[in-house]
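Here the protein sequences line up with chains Z and E, keeping their order. Using the working numbering, read the first sequence as starting at 563 and increasing by one per residue. Using the working numbering, read the second sequence as starting at 119 and increasing by one per residue. Notes follow the structure.
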Amino acid sequence: MYPYRFKITLIIFILFFTGIVVRLFQLQIIESNKYKGISKNRRIATYPLEATRGSIFDRNGMMLATDQHTFDITVRYKNLLYWYVRNNNAVSRIAGMKAHKNAKKTCAECHENQDEWVKKLSQLLGIPQNKLLSHAKQIVEKVERLKQNVEQKSGRATRIREEADYYPIASDVAWEKVIQIEINQNSYPGIRVTPRPTRIYPQRELASHILGYMSKLNEEEWETYSDKWNNFILSSNVTGTDTTPLLYDGYAENDYIGRSGVELQYENELHGERGKRFEEITCKNTQVEKVILERPPVSGNNLYLTIDSQIQAYAEKSLGKNLGTIIVMNPWTGEILAMASYPRFNPNDVNEDFNKLIKHPSKPFLNRAIQGALPPGSIFKVVTATAALSTNHINTQTSYECHGYTTYKNITFKCWSEYGHGLVTIQDAIPYSCNVFFFETAKILGGDPLYAWAKDFGIGEKTGIDLPHERSGNMPKMMNTATVMNVAIGQGALLTTPLQLCRVYAAVANGGTLVQPHLLSKLTDGQGEVVRVFKPEKKQKLSILPATLDILRMALQEVVTRGTAKNTGLEAYKVAGKTGTAETGRQKDNHAWFAGYVPYDSPQYCFVILVEHTPGHGGEIAGPIAKELMSYLFPELNDAS
Amino acid sequence: MIRSVSPRNFDWVMFPIICIILTIGVLFVWSASSEKFVFKQLVWIAMGLTLFFILLYFDYLSIAHYAYIIYACVLFLLILVLGMGGAVKGSQRWFSIGSFSVQPSEFMKITLVLTLARFLRYKKYGIGLFDIGVSLLLTFIPMALIVKQPDLGTALVLVPVLLSILYTAGIRLYQLFMLIGAGMAISPLVWMFMLKSYQKMRIIGFLWPEKATDWGAGYHRLQSLIAVGSGGLFGTGWGNGTQNQMKFLPERHTDFIFAVISEEWGFLRACFILFLYVVFITCGIGIARSTREPYGRLVVIGLVTMFATQIVVNVGMTLGVAPIVGITLPFISYGGSSMLTSFIALSIIFNIKMHSKIDLASEHRYETLR
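Right, dumping it as structure tokens:
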């Protein structure tokens, strides 16, 4: 072959290396002074440019949460340092600085007028000096510690970046005062006004559980966030060519972060990306020579929810001061139209009232619609009935005699009516909520079909709604007939969330499809372009026969006309539903339920009402609430009732 | 018959050089980052050395049999990583098996060398257009996938590797020039259809710095130049670099580690490291020359080209004379994948050297078998 080609290859390589050495010589020997100068005198100061967090709207474009710009007063580090030195006389490096030695003055003399700004500022803002500078000591000590560490490592005096930064001393400053500072920049040396977005919720308590709230990152969290961020950069460094994210900051120390509700769920979408400005500063005076680099902030996406604030307000009004929840959902799509939970909180004031709220015995932060797992009581009978009808264990002709109780292995199971309901079929058992019928059904049905059907209906599983901290409830595995009988009427170890039950009734209303409850309607970017719309992940068709559904629907209508919820006035609104009274085991302490859909001929809304820990029965307590809700939803039908 | 390895043929020039380079690398990873990374780097080096000695035991010719299969597997992994790879900084290069992340594009460099060598090893009597076409295809399929990841640097390394293997395998000069000409002719197409906008920005920024809009790259380049320039003749001393310690320099312990070395050690010692690399490459080419078995020869030349390209481009980008494309400095930069790949490549080179002087009979047997 061609042995000389090896030589040529080697020569080419060596030529390249020679080129590199020549370039190295040029940079390090010929132009060295130029670069040495740069690296000594040049300091880069960076300022974050705050990104606006995305707003949250309801389905009609009504604003539920938004960022409002407020103003912080920040102070140059040097100002704080001088103040600190005057008041503590402790920082040796200042006292020992060459300039001081040459001037033969003490530090305090040298910077006599340096504290003017504190007086002026405290006069202007009406805040006492002590309060204004309450954090100054911490800041100075922190930076000085950092500086010492860096100097120890490098072994000589070094200026660190933190020294060129500005630190906040007052927040939420009124606009007029901000203007004063901006106009008289010269009399406020080293003071800077920094706009900072604050989250406000214009509708106050409305839908507070859905929206959630925001609070400051605590130190520990911030460390993990910033650590994650550093690792993110480092791990990509291994091959990194894409430098873009390097220059963005993730979260900063005083950032707010969504803590619950959609503020937490869609944190990444809403958050946006903080921009950054690099400024080149000469060392001699602090005059900004030129802006070299600026990366504009990227504002977060706007979030449109499926919530209808009108219906939400109705629901909250109807619920009143009852401990509990109301869910209104579109039975065909799973769009949550309203999700009220009481007690509520005001997300605007959460951070002031946090300790009070978190210790409150009725747990205002709990979103009872998805985080309360309770026995469903008679509401669950729909599932039992579906299981029994679908597996042909009973049919419309099956009837049982109700004497007010039934027995199994010497255990007495009571019906809620001590006189009994007489001979009942499924058509009567649901309207009158006869327990005995379902006890007998449970005996022949057995545990496995009931378990399987309950699981099909999504009982005991998270619905996957786009809210954090959803609970799954509990669907017990039933080993013996006695437990099956208890679970069949919604008692025992069975625990469900109101949202799961809402889904069950939606399935009955829409013809047997288990919908995906959701709150996200769409996400749009700053320009209003749609970034993402909700796409249902799971929407499963249950294998319920139309005949079974007809039986159930007819029975649910009759609950209102002649059953446990008659005389509540719900008939006029064409409500189909089921009452439930779940026993907690204590006397006069029940959970009152009412679940259903309306109107029964073409379902438009599907709803669940829950009032916790109430002495009354489902129909008595939840019935009037449902009536009130309906009167708001269908005002045109009010006269008919 | 398994051909035995003779320790007498172990390269006692290259190995100490690599040891010195590794030591310097650890020192500067330490200076540029923290003890945590030094420890990790030491673990990677230990793993790399172990792998190096294990691979020496096998006969490199057995790889030749599996070259195409390995190629297909790595290609499959590349496609897979495009589809499902974890997004690190918006690019898909990794995928994780447990806590271990694999980066197929790194392994593609070696695999391509093995495959091209296998394809071209017996073309003694000249390389035809068909052979060139197949070689191009073998190179450009993975290259396109790697560019799509996007990992411009690794993709660019493949081109010199292809050229050097073709050159050594006996391509005619006019063919070579036609190939280069054709490459230049189609580059506008690559520009238009393959590159992402930020990659274009990066190249524009390198060719015409004043037009650069991607200031991220401009920032890197500037900081790197300041670091190198302020090093001077003797440097600022280990651990004393302003640019390094004050974290002005981005990607200090990986892609831009040579800037740290230049700043803290100065011109003379930076040249010493470059000299070590030159000796290393000279030795490598020496091995290729003295190997009479054609497969080994082509593999060695390919791997040496891979090392040389990485060194030249990496150092070039710290000195502002090559576009910033994210290539690591072999045996110095921090990083597991790059360290392991370098050790595997080194092991193959040593393997070939240790087998090259054993017996010509078996070489003959392999040649006639085909």
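Ideal Cβ positions, reconstructed from N, Cα and C, are used throughout, including at glycine. Every value quoted in this text rests on a predicted model; they were computed, and no experiment measured them.
Check your understanding: Can we count Pro1197 (chain Z) as close to the ligand ADP, meaning its CB is less than 7 Å from some heavy atom?
Key -> Among the ligands in the structure shown, none appear at all, so the ligand ADP cannot be discussed.
**Study point:** Distance between Gly896 (chain Z) and Gly143 (chain E) (C-alpha atoms, nearest Å)
**Key:** Here residue 143 (chain E) is taken as the residue at index 25 of the second sequence, counted from 1. Here residue 896 (chain Z) is taken as the residue at index 334 of the first sequence, counted from 1. Put simply, the backbone Cα of Gly143 (chain E) is about 59 Å away from that of Gly896 (chain Z).
Check your understanding: Which residues in the same chain as Glu1032 (chain Z) place their Cβ atom closer than 6 Å to its Cβ, once the five residues preceding and following it in sequence are excluded?
Key -> Position 470 of the first sequence, counting from 1, holds the residue named residue 1032 (chain Z). Once the five neighbours on either side are set aside, the close Cβ partners of Glu1032 (chain Z) are Ile932, Lys1024.
Review point. Between the segment 737 to 757 of chain Z and chain E, which residues of the former have CB atoms less than 7 Å from a CB of the latter, in chain order?
Key: Listed by position, the residues of the segment 737 to 757 of chain Z near chain E (Cβ gap below 7 Å) amount to none.
Review point. Cβ atoms of Ile920 (chain Z) and Ala902 (chain Z): under 8 Å apart, would you say?
Key: The residue labelled residue 902 (chain Z) in the question sits at position 340 within the first sequence. The residue labelled residue 920 (chain Z) in the question sits at position 358 within the first sequence. It is not a contact, given that the beta carbons lie outside the stated cut-off.
Practice item. Have a look at the DSSP bridge pairing and note the partners of Ile898 (chain Z). Key: Here residue 898 (chain Z) is taken as the residue at index 336 of the first sequence, counted from 1. According to the DSSP secondary-structure assignment, Ile898 (chain Z) is paired through a beta bridge with Z:Met891.
Point to revise | Residues of the segment 389 to 401 of chain E whose Cβ lies closer than 8 Å to any Cβ of chain Z, in chain order | key: Within the segment 389 to 401 of chain E, the residues whose Cβ lies closer than 8 Å to some Cβ of chain Z are Cys389, Leu392, Tyr395, Val396, Ile399, Thr400, listed in chain order.
Exercise for review: Using a threshold of 8 Å, state whether the C-beta atoms of Ser348 (chain E) and Ala377 (chain E) are closer than that.
Suggested key: Translated into positions along the second sequence, residue 348 (chain E) becomes position 230. Translated into positions along the second sequence, residue 377 (chain E) becomes position 259. Going by C-beta atoms, Ser348 (chain E) is not nearer than 8 Å to Ala377 (chain E).
Check your understanding: What's the C-alpha gap between Asp1194 (chain Z) and Tyr876 (chain Z)?
Key -> In the first sequence, the residue the question calls residue 1194 (chain Z) occupies position 632. In the first sequence, the residue the question calls residue 876 (chain Z) occupies position 314. The sequence as given places Tyr at residue 1194 (chain Z); Asp does not occur at that position. Each residue's Cα considered, the two are about 6 Å apart.
**Study point:** Distance between Ser465 (chain E) and Phe171 (chain E) (C-alpha atoms, nearest Å)
**Key:** Along the second sequence, read from residue 1 onward, the residue named residue 171 (chain E) stands at position 53. Along the second sequence, read from residue 1 onward, the residue named residue 465 (chain E) stands at position 347. Each residue's CA atom was taken as its position, placing Phe171 (chain E) and Ser465 (chain E) some 7 Å apart.
Exercise for review: Give a yes or no on whether the C-beta atoms belonging to Pro1011 (chain Z) and Ala949 (chain Z) are separated by under 8 Å.
Suggested key: Position 449 of the first sequence holds residue 1011 (chain Z). Position 387 of the first sequence holds residue 949 (chain Z). One thing to note: Pro1011 (chain Z) has its Cβ within 8 Å of the Cβ of Ala949 (chain Z).
Exercise for review: Please list the partners that Thr257 (chain E) has in chain Z, where partner means a Cβ-to-Cβ separation under 8 Å.
Suggested key: The count along the second sequence starts at 1 and reaches residue 257 (chain E) at position 139. The contact set of Thr257 (chain E) on chain Z, defined by CB atoms closer than 8 Å, is empty, because the minimum CB distance reaches about 18 Å.
Review point. Of the choices E:Gly414, E:His371, E:Ile429, whose alpha-carbon is the least far from that of Ala150 (chain E)?
Key: Within the second sequence, numbered from 1, the residue matching residue 150 (chain E) stands at position 32. From the listed residues E:Gly414, E:His371, E:Ile429, the smallest Cα separation to Ala150 (chain E) is found for E:His371.
**Study point:** Cβ distance (whole Å) where Pro893 (chain Z) is taken to contact Ala1068 (chain Z) below 8 Å
**Key:** For the purposes of this step, residue 893 (chain Z) is taken as residue 331 along the first sequence, with counting starting at 1. For the purposes of this step, residue 1068 (chain Z) is taken as residue 506 along the first sequence, with counting starting at 1. 4 Å between Cβ atoms; contact.
Check your understanding: Taking C-alpha atoms, which residue in Z:Trp978, Z:Thr974, Z:Gly966 lies nearest to Leu985 (chain Z)?
Key -> The count along the first sequence starts at 1 and reaches residue 985 (chain Z) at position 423. It is Z:Gly966.
Check your understanding: Among the residues of its own chain, which have a CB less than 6 Å from the CB of Ser995 (chain Z), if the five just before and after it don't count?
Key -> Position 433 of the first sequence, counted from the start, is the residue given in the question as residue 995 (chain Z). For Ser995 (chain Z), where only same-chain residues beyond five positions count, the Cβ hits under 6 Å are Ser940, Thr1126.
Review point. Can you give the Cα-Cα distance for Gln747 (chain Z) and Ile741 (chain Z), rounded to whole angstroms?
Key: The sequence position of residue 747 (chain Z) within the first sequence is 185, counting from 1. The sequence position of residue 741 (chain Z) within the first sequence is 179, counting from 1. Approximately 10 Å, taken between the alpha carbons.
Review point. Is it buried or exposed for His183 (chain E), if we count other Cβ within 10 angstroms and need 16 for buried?
Key: Position 65 of the second sequence, counted from the first residue, corresponds to residue 183 (chain E). By the neighbour-count rule (16 or more Cβ atoms within 10 Å), His183 (chain E) is not buried but exposed.
Exercise for review: Taking only beta-carbon positions, decide if Tyr178 (chain E) is within less than 8 Å of chain Z.
Suggested key: Position 60 of the second sequence holds residue 178 (chain E). It does not: the Cβ of Tyr178 (chain E) has no partner Cβ on chain Z nearer than 8 Å.
Exercise for review: Note down the Cα distance separating Leu386 (chain E) from Phe425 (chain E), rounded to an integer number of angstroms.
Suggested key: One-based indexing of the second sequence puts residue 386 (chain E) at position 268. One-based indexing of the second sequence puts residue 425 (chain E) at position 307. C-alpha separation (whole angstroms): 22 Å.
Practice item. Count the other CB atoms, across all protein chains shown, that sit within 10 Å of the CB of Gln1062 (chain Z); report buried if there are 16 or more and exposed otherwise. Key: Along the first sequence, one-based indexing puts residue 1062 (chain Z) at 500. Around the CB of Gln1062 (chain Z), 16 or more other CB atoms lie within 10 Å, so the residue is classed as buried.
Practice item. Grab me the residues of Glu153 (chain E)'s own chain with a C-beta within less than 7 Å of its C-beta, minus the 5 sequence neighbours each way, in chain order. Key: Residue mapping note: residue 153 (chain E) aligns to position 35 of the second sequence, counting from 1. For Glu153 (chain E), where only same-chain residues beyond five positions count, there are no Cβ hits under 7 Å.
Practice item. Evaluate the contact criterion for the segment 1071 to 1082 of chain Z versus the segment 1035 to 1050 of chain Z: three or more CB pairs, one atom per stretch, below 8 Å. Key: Not touching, per the Cβ criterion.
Review point. Is there a Cβ from chain E that is less than 8 Å from the Cβ of Arg707 (chain Z)?
Key: The residue you call residue 707 (chain Z) lines up with position 145 of the first sequence. When Cβ-Cβ separations below 8 Å define contact, Arg707 (chain Z) makes no contact with chain E.
Exercise for review: Give the secondary structure of Tyr967 (chain Z) by DSSP, where H, G and I count as helix, E and B as strand, and everything else as coil.
Suggested key: Taking the first sequence and counting its residues from 1, the one referred to as residue 967 (chain Z) is at position 405. When DSSP states are grouped into helix, strand and coil, Tyr967 (chain Z) belongs to the strand group.
Review point. Looking at C-alpha atoms only, which residue of E:Leu169, E:Phe133, E:Asp129, E:Phe128 is the closest neighbour of Gly454 (chain E)?
Key: Here residue 454 (chain E) corresponds to residue number 336 of the second sequence, with the count starting at 1. Of all alpha-carbon atoms in E:Leu169, E:Phe133, E:Asp129, E:Phe128, the one lying nearest the alpha-carbon of Gly454 (chain E) is that of E:Leu169.
Point to revise | Whole-angstrom C-beta distance between Phe619 (chain Z) and Tyr866 (chain Z), which should lie under 8 Å | key: Residue 866 (chain Z) sits at position 304 when you count from the first residue of the first sequence. Residue 619 (chain Z) sits at position 57 when you count from the first residue of the first sequence. Indeed they touch by this definition, with Cβ atoms about 5 Å apart.
Review point. Using a Cβ-Cβ distance under 8 Å, would Pro565 (chain Z) count as near chain E?
Key: Taking the first residue of the first sequence as 1, we reach residue 565 (chain Z) at position 3. Chain E contact via Cβ: present.
Review point. At which residues does the beta strand (DSSP E) containing Thr1110 (chain Z) begin and terminate?
Key: Within the first sequence, numbered from 1, the residue matching residue 1110 (chain Z) stands at position 548. Here Thr1110 (chain Z) belongs to no beta strand (DSSP E); instead the alpha helix (DSSP H) covers 1108 to 1123.
Review point. Can you list the beta strand (DSSP E) stretches of 3 or more residues lying completely in the segment 1066 to 1099 of chain Z, in chain order?
Key: Whole beta strand (DSSP E) segments, 3+ residues: 1082 to 1086, 1092 to 1095.
Point to revise | Neighbour flag for Ser460 (chain E) against chain Z, beta carbons, 8 Å | key: On the second sequence, residue 460 (chain E) is found 342 positions in, with the first residue counted as 1. Not an interface residue.
Check your understanding: Got a sec? Which residues, its chain only, sit under 6 Å from Asn469 (chain E) by beta carbon, not counting five neighbours each side?
Key -> If you number the second sequence from 1, residue 469 (chain E) lands on position 351. In chain order, Leu174, Tyr178 place their CB closer than 6 Å to the CB of Asn469 (chain E), counting only its own chain and leaving out the 5 sequence neighbours on each side.
Practice item. Using only alpha-carbon positions, find the residue among Z:Tyr729, Z:Lys682, Z:Leu683, Z:Leu686 that is nearest to Ile701 (chain Z). Key: Taking the first residue of the first sequence as position 1, residue 701 (chain Z) is located at position 139. The shortest Cα separation from Ile701 (chain Z) among Z:Tyr729, Z:Lys682, Z:Leu683, Z:Leu686 belongs to Z:Tyr729.
Practice item. Please state whether DSSP places Gly581 (chain Z) in a helix, a strand or coil. Key: The count along the first sequence starts at 1 and reaches residue 581 (chain Z) at position 19. Looking at Gly581 (chain Z) - three-state DSSP - the assignment turns out to be helix.
Practice item. Could you name the residues of the same chain whose beta carbon sits closer than 8 Å to that of Pro306 (chain E), not counting the 5 residues immediately before and after it, in chain order? Key: If you number the second sequence from 1, residue 306 (chain E) lands on position 188. Exclusion of the five residues before and after Pro306 (chain E) leaves no residue of its chain whose Cβ lies closer than 8 Å to its Cβ.
Exercise for review: For chain E, find out if any of its Cβ atoms is closer than 8 Å to the Cβ of Ile576 (chain Z); answer yes or no.
Suggested key: Along the first sequence, read from residue 1 onward, the residue named residue 576 (chain Z) stands at position 14. Yes, Ile576 (chain Z) counts as interfacial toward chain E.
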